[in-house]
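So our numbering is basically just the index in the sequence shown, starting at one, shifted up by 2. Positions of the beta carbon are idealized from the N, C-alpha and C atoms, including for glycine.
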Amino acid sequence: IPMMILKKSPYHQKRAKVLFKKRINLLISPITIVHWG
3 IPMMILKKSP YHQKRAKVLF KKRINLLISP ITIVHWG
């Protein structure tokens with residue numbers, strides 16, 4: 003899928019943001035568990 007189509011579609015933008023947030027959370031949560039554990 004070309005990037006232009008992704009940028010024009012708000013649905014894909016929202017989905018990308020949600021996936022990005024989930025990825026960050028997956029990276030951060032093990033670090034915080036180790037830090038506070």
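Problem set entry | Span separating the alpha-carbon of HIS14 from that of PHE22 | Your numbering for residue 14 matches position 12 in the sequence shown. Your numbering for residue 22 matches position 20 in the sequence shown. About 12 angstroms.
Exercise. At what residues does the alpha helix (DSSP H) containing PHE11 begin and finish?
Worked result: Looking up residue 11 in the sequence shown gives position 9. First, the residue type needs correcting, since residue 11 is Ser and not Phe in the sequence shown. Counting along the chain, SER11 falls outside any alpha helix (DSSP H), and DSSP gives it neither H nor E.
Problem set entry | Cβ shell of ALA18 (< 7 angstroms), same chain only, five flanking positions each side left out | The residue you call residue 18 lines up with position 16 of the sequence shown. Hits under 7 angstroms: none found.
Problem set entry | C-alpha distance - VAL20 paired with SER31, whole-angstrom precision | By 1-based counting over the sequence shown, the position of residue 20 is 18. By 1-based counting over the sequence shown, the position of residue 31 is 29. Taking the straight line joining both Cα atoms gives about 16 angstroms.
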